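Taking it in order: structure first as structure tokens, then the write-up.
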Amino acid sequence: MAELPLLECRLSSIAADIEVTMVESHASLKVRSQRLPKQLLKIVFGLPADDECMLTSVDEIATAVHEMLARIQEEAMLDLN
């Protein structure tokens, strides 16, 4: 059996530690961050569907998720004020 190409990217910051692993056209996403209300729901619904997704590399996916989490955290901070 042939080995599948495995690509991996990690992006860390104050907002989150994001790890994306990609095999062929399937991506696995691990996000470690402070829990916020409705955060998971916002991430899942914020990601594009397969047919409309223009993200093709692990770096692009990690950056998009990182930006999404930063917006979620900003919204949470505004809600606290």
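Here the sequence shown is numbered in my numbering, starting from 1063 and rising by one per residue.
For glycine and all other residues, C-beta sits at the position ideal for the given N, C-alpha and C.
This structure is a prediction, so every number in the text was calculated from the model and none was measured.
(message) Quick check on Leu1131: buried or exposed, where buried means 16 or more other Cβ atoms within 10 Å of its Cβ?
(response) buried
(request) Identify every residue that forms a DSSP beta bridge with Leu1091. (result) Val1082
(message) Using C-beta distances below 7 Å, list every residue in its chain close to Gln1101, excluding the 5 sequence neighbours before and after it, in chain order.
(response) Ile1134
(request) Assign Leu1098 to one of three DSSP states: helix, strand, or coil. (result) coil
(request) Could you check if Val1127 is buried or exposed, using at least 16 other CB atoms within 10 Å of its CB as the buried criterion? (result) buried
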